[in-house]
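K.L.:
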Amino acid sequence: MALSPYVLIIGTKSDDPFNVIPNAPYEIRHRDTTTGASLGLADIFSDPAGTIPITQTGATVNSRGSVTFYADALPLNAEYNNGTSIVQPIDVGITGSSIINDLSQSYAFKTVSLMKSSLIIFPVGKKISWQGYNAESDGGSNWGLVTSGAHTDDGGSTFTLLDGKYVAANLKGRKVSSKKFGAIGLGLVDEIIPLQAGLDYCTGNNKPYYMPQGTYLTSDSLLHETADLFSSRPTNGLILSGDGIGKTVIQAMDTHNGSILVLNGNKDNATEPEFGVSQEGNHISKLSLIGSGKASGNPLQNGLFIRANLRCNFEDLMIKFNTQHGMLIGGVTEPTKDDTDTTQLCIFTNVHFHENNQYGVLAQNSRTSTMQFDTCSFRSNTLDGMRMAYSGLRLINCSFAINGSDGTDTGGFTTIVPTTLAVSRALSAVGCEFESNYNHEVRLDYCDGFQISSTRLGAFKIGATPPASGKRVFNLGKTNSGNLVNGVISGCQIASLGSGNLNTGIVYVYDIGEDVTGLEVLNTPVTDNGLSPSYRNYTEFSIDPAAKGVTKHSAELTRVPAKPAFSASITTQVSNVLNVTGNGTVYAASSLFASASNTEYYNSETVAGAVTTKHFIDGVFTAPEQGAYEFNVRWPMTGFNNTETSALARITTSGGIVEILEELTLTGIGLSSVDKVTVGGTSKLFLDKGELVNFHLIVSGSASANIDIDRSDGARFQVSGNAI
């Protein structure tokens, strides 16, 4: 069929005169008269490319600017060139209903789905915008440019079009909203897919992730997982924030199994001879993590799971109604197993763990170091409010109330220890409140060094049923293996239990014999709060007769422990003459590599005719007394040859502590023999008398080099001891 000429008037009938449009590529579309569906250009034009140059005729009809085009059928929304026969008015513009689109301008859609299903064939470089993600003005509006090439549609940063091209969305702002990935937040549908896509984009592009006010249902864990990176620097952390507690809510659906939010720094479950972390700087704030509230035996939910995390911050969070724990720290949940990862230097501020079906916080089988909880609350959890194994734990202005349950040895706070460590160390609780927890307010087993001060310790409310064995404010020690030492309880207020149970003890030390030493209770009165005599049947102090060196004197248990108070330094570089030996010494490690890559420099010595190898070790310290010590280490080094991959300063102790002071990545920075690299750091540890501390320097690489540790430039190994 021959093509017939028609003339379209570009403009509206109210224009006078009509604007004359210069020659340019235009797209002509029409709608099906029955369904109203938009038809592609190939349906009405012979041009398979989808665009036809619309040519102005050079002459105008009745003084209007007009354009002639050719088609094999009369499209809808056309006007004859005599201006008398009108099918429908003509639109020129950037809305989804336009039939003529100027390809040199931006094009707008109401939603993402309309954009992705559009039949328009856009050229590369075309700017496209959408006025909302799922609906107009829903917070998901954005714009992007049409691009060609390999890509993955992630539902937020990249959208695939029907012709195989894609739109690269503009996400260049300071933070990225979950709305840009299609999350709705109305609490109606499962939103784990858009939430996870947004999180993955933000962690992959080092952007803060923002979840606006709303309730987001999830059927699976929201994951930030990284592989084991024990030999590398930790990855950048996830920065996730909402609009506040109770405003931005991530809600587990009934079918949700696992933790709501997972920050896992060892997703491959790698095991290493030393502790390690692979996620650094996670910052989670202004959210509520709410479980489904189902009873135990249904899908197992934790509000928050963290593993192998370093220097992380958690603030303004509510974590409640989870079928397991509010927060689980570590990689395993079975009580008989142990986790080799370390979570350390994490701060929790205004975080609340309420009404979880097991523990508020559990870190039973993980290694935690230097953890701080400030202005946090632990309330109405079925088991302990907090059950922790730790090396350094500080509780500031925290409250523990109504935790624990009948038939369980649980209560407010319980110290325990993982299987491979001897004790939990260095607990400080200042300005806290413990009240109405079921079996005990505070239980300290396997605890070495604690101080509880300016803290109020309450009791059962009148009428509550006490445990059969009696409620204890402090439950100190564990049968046959308590190992409780150097404790101070000072400046606290202890209210009476009010339970009428004769077995109750305010401070209860039991079945531990000589394992309990150095316990002080100072300036801590016991009051009955005006209760009637029937509620005053308690003992202030209940002490097992086998306990040695602990005495009761007027409302105090007194025995002052020995406390180190000195400062010293090791002036030699090494523990024997065969190690690196001081200023100007160059030690050749060329023949001592065990493998071709990622190998440590060793020195060697001959013992009984056999050659052995060891790390560079800068001295060994033996603790003269039990107490807290601070170590300061610094190693300036030269002699590199640009094949080294990393330098690591590490502390190990005979008590099982392994702590990385500093780890530097050396790959690709072009080190020469005269370049200087310094590693070191400061560490505070609580040590037993006679415990050994070794400092290790480990340089890894793929070729030999001569490493010089320069004492004249401030190389040092210093230690100071202070009272607990």
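Numbering (my numbering), first residue to last: 5 to 728.
Beta carbons: idealized from backbone N, C-alpha and C, even for Gly.
As the structure is a computational prediction, the values presented were derived from the model and not from experiment.
#1: When DSSP labels each residue in this structure, what does TYR442 get in the three-state scheme?
#2: Is it right to say ASN210 is buried, meaning 16 or more other beta carbons lie within 10 angstroms of its own, or is it exposed?
#3: Can you grab the Cα-Cα spacing for the pair GLN348 / ASN646, in whole Å?
#4: Please report the Cβ distance between MET390 and GLY408, rounded to the nearest whole angstrom; I am assuming they are in contact, meaning their Cβ atoms lie under 8 Å.
#5: Report the residue from GLY177, HIS228 and ALA173 whose alpha carbon sits nearest the alpha carbon of GLN200.
#6: For GLN283, which three-state DSSP category applies?
#7: ALA112 to GLY177, Cα distance in whole Å?
#8: Hey, would you say ASN270 sits closer than 9 Å to THR230, going by beta carbons?
#9: Taking Cβ to Cβ, would you say PHE635 is nearer than 9 Å to GLY396?
#10: Leaving out five residues before and five after SER384 in sequence, what residues of the same chain have Cβ atoms less than 8 Å from its Cβ?
#11: What is the rounded straight-line gap between the Cα of VAL116 and the Cα of ILE243?
#12: Could you have a look at CYS402 and say whether DSSP puts it in helix, strand or coil?
#13: So for CYS730, helix, strand or coil by DSSP?
#14: Hey, could you find the ends of the alpha helix (DSSP H) VAL128 is sitting in?
#15: Could you check the C-alpha separation between GLU648 and GLY685 for me, to the nearest Å?
#16: Give the DSSP-derived three-state secondary structure of GLN305 in the structure shown.
#17: Around the C-beta of GLN328, are 16 or more other C-beta atoms found within 10 angstroms, so that it is buried, or is it exposed?
#18: Would VAL253 pass as a contact of LEU203 if the rule is Cβ separation under 9 Å?
#19: What is the rounded straight-line gap between the Cα of PRO216 and the Cα of THR222?
#20: Could you tell me the boundaries of the beta strand (DSSP E) in which SER687 lies?
#21: With 16 other CB atoms within 10 Å as the buried threshold, where does LEU192 fall?
#22: Just list the beta strand (DSSP E) runs in the stretch 156-230, keeping only unbroken ones of 3 residues or longer that don't cross its boundaries, in chain order.
#23: Which residue wins for smallest C-alpha separation from LEU265, given the options SER676, ARG311 and TYR442?
#24: Which value, in whole angstroms, describes the spacing of the CA atoms of TRP639 and ARG654?
#25: Indicate whether VAL150 and LYS169 have their beta-carbon atoms separated by less than 9 Å.
#26: Taking a contact to mean a Cβ-Cβ separation below 9 Å, would you say ASP158 touches TYR213 in this structure?
#27: Locate the beta strand (DSSP E) running through MET119, then write down its first and last residues.
#28: Between the C-alpha atoms of ALA172 and ILE188, what's the straight-line distance to the nearest angstrom?
#29: For the ligand ATP, is there a heavy atom less than 8 Å away from the beta-carbon of ILE456?
#30: Could you pull out every residue in the same chain whose Cβ sits closer than 7 Å to the Cβ of GLU695, ignoring the five residues on either side in sequence?
#31: Measuring CA to CA, which of ASN698, PHE417, TYR442 and ASN441 is closest to ILE456?
#32: Let me make sure I understand the geometry here. Which of VAL446, THR164, SER225 and GLY136 has the alpha-carbon closest to that of SER432?
#33: Along the chain, where does the beta strand (DSSP E) containing CYS350 start, and where does it finish?
#34: With a threshold of 7 Å on Cβ separation, who are the neighbours of ASP413 within its own chain once the five nearest residues in sequence on each side are excluded?
#35: Which residue comes first and which comes last in the beta strand (DSSP E) that contains ASP320?
#36: Taking only the alpha-carbon atoms, compute the straight-line gap between ALA393 and GLY415 and give it to the nearest angstrom.
P.N.:
Checking against the coordinates, here is how it stands:
#1: On the sequence shown, residue 442 is found 438 positions in, with the first residue counted as 1. Coil, per DSSP.
#2: Numbered from its first residue, the sequence shown carries residue 210 at position 206. ASN210 is exposed by the Cβ-count criterion.
#3: Along the sequence shown, one-based indexing puts residue 348 at 344. Along the sequence shown, one-based indexing puts residue 646 at 642. The alpha-carbon atoms of GLN348 and ASN646 are separated by roughly 32 Å.
#4: For this step, residue 390 is matched to residue 386 along the sequence shown. For this step, residue 408 is matched to residue 404 along the sequence shown. Their Cβ separation, rounded to whole angstroms, is 11 Å, which puts MET390 and GLY408 out of contact at 8 Å.
#5: For this step, residue 200 is matched to residue 196 along the sequence shown. The shortest Cα separation from GLN200 among GLY177, HIS228 and ALA173 belongs to HIS228.
#6: As a first step, residue 283 must be located in the sequence shown, where it is residue number 279. It is a strand residue.
#7: Along the sequence shown, one-based indexing puts residue 112 at 108. Along the sequence shown, one-based indexing puts residue 177 at 173. Distance between the alpha carbons of ALA112 and GLY177: 21 Å.
#8: Position 266 of the sequence shown, counted from the first residue, corresponds to residue 270. Position 226 of the sequence shown, counted from the first residue, corresponds to residue 230. Yes, these two residues count as a Cβ contact at 9 Å.
#9: Locating residue 635 in the sequence shown gives position 631, counting from the first residue. Locating residue 396 in the sequence shown gives position 392, counting from the first residue. Cβ atoms of PHE635 and GLY396: not closer than 9 Å.
#10: In the sequence shown, counting from the first residue as 1, residue 384 sits at position 380. If we look at SER384 and ignore the five residues flanking it on each side, its Cβ neighbours are HIS358, GLU359, ALA405, ILE406 and ASN407.
#11: Sequence index remark: in the sequence shown, residue 116 carries index 112 (1-based). Sequence index remark: in the sequence shown, residue 243 carries index 239 (1-based). VAL116 and ILE243: Cα-Cα distance of roughly 26 Å.
#12: As a first step, residue 402 must be located in the sequence shown, where it is residue number 398. Coil at CYS402, not helix or strand.
#13: Beyond the ends of the chain as shown, which are 5 and 728, falls residue 730; an answer cannot be given.
#14: As a first step, residue 128 is located in the sequence shown; it is residue number 124 there, counting from the start. Looking at the DSSP string, VAL128 is not in any alpha helix (DSSP H), and its letter there is neither H nor E.
#15: Counting from one through the sequence shown, the residue named residue 648 turns up at place 644. Counting from one through the sequence shown, the residue named residue 685 turns up at place 681. Each residue's alpha carbon lies about 21 Å from the other.
#16: On the sequence shown, position 301 is the one that residue 305 refers to. Looking at GLN305 - three-state DSSP - the assignment turns out to be coil, as it is neither helix nor strand.
#17: Mapped onto the sequence shown, residue 328 falls at position 324. When all chains shown are included, GLN328 counts as buried.
#18: Numbered from its first residue, the sequence shown carries residue 253 at position 249. Numbered from its first residue, the sequence shown carries residue 203 at position 199. It is not a contact, given that the beta carbons lie outside the stated cut-off.
#19: As a working note, residue 216 is residue 212 in the sequence shown. As a working note, residue 222 is residue 218 in the sequence shown. Cα to Cα, PRO216 sits roughly 16 Å from THR222.
#20: As a first step, residue 687 must be located in the sequence shown, where it is residue number 683. SER687 -> beta strand (DSSP E) spans 681-691.
#21: In the sequence shown, the residue the question calls residue 192 occupies position 188. By the 10 Å Cβ count, LEU192 comes out exposed.
#22: 162-164, 170-173, 190-194, 218-222 and 226-229
#23: In the sequence shown, the residue the question calls residue 265 occupies position 261. The residue with the shortest Cα to Cα distance from LEU265 is ARG311.
#24: Counting from one through the sequence shown, the residue named residue 639 turns up at place 635. Counting from one through the sequence shown, the residue named residue 654 turns up at place 650. Each residue's Cα considered, the two are about 12 Å apart.
#25: Stepping through the sequence shown from its first residue, residue 150 is reached at position 146. Stepping through the sequence shown from its first residue, residue 169 is reached at position 165. Taking 9 Å as the Cβ cut-off, VAL150 and LYS169 qualify as a contacting pair.
#26: For this step, residue 158 is matched to residue 154 along the sequence shown. For this step, residue 213 is matched to residue 209 along the sequence shown. Taking 9 Å as the Cβ cut-off, ASP158 and TYR213 do not qualify as a contacting pair.
#27: The residue labelled residue 119 in the question sits at position 115 within the sequence shown. No beta strand (DSSP E) contains MET119, which is instead part of the alpha helix (DSSP H) from 116-120.
#28: As a first step, residue 172 is located in the sequence shown; it is residue number 168 there, counting from the start. As a first step, residue 188 is located in the sequence shown; it is residue number 184 there, counting from the start. Cα to Cα, the separation comes out at about 21 Å.
#29: What this structure holds is no ligand at all, so the ligand ATP is not there to describe.
#30: Position 691 of the sequence shown, counted from the start, is the residue given in the question as residue 695. Cβ within range, chain order: ALA627, THR657, SER658 and GLY659.
#31: Position 452 of the sequence shown, counting from 1, holds the residue named residue 456. The option with the nearest alpha carbon to ILE456 is PHE417.
#32: The residue you call residue 432 lines up with position 428 of the sequence shown. Comparing Cα-Cα distances from SER432 to each of VAL446, THR164, SER225 and GLY136, the minimum goes to VAL446.
#33: What you label residue 350 is simply residue 346 of the sequence shown in a count that begins at 1. That run of the beta strand (DSSP E) goes 346-358.
#34: Taking the first residue of the sequence shown as 1, we reach residue 413 at position 409. Same-chain partners within the cutoff: ASN443.
#35: Here residue 320 refers to the residue found at position 316 of the sequence shown. Unbroken beta strand (DSSP E) run through ASP320: 317-324.
#36: Residue mapping note: residue 393 aligns to position 389 of the sequence shown, counting from 1. Residue mapping note: residue 415 aligns to position 411 of the sequence shown, counting from 1. Each residue's Cα considered, the two are about 16 Å apart.
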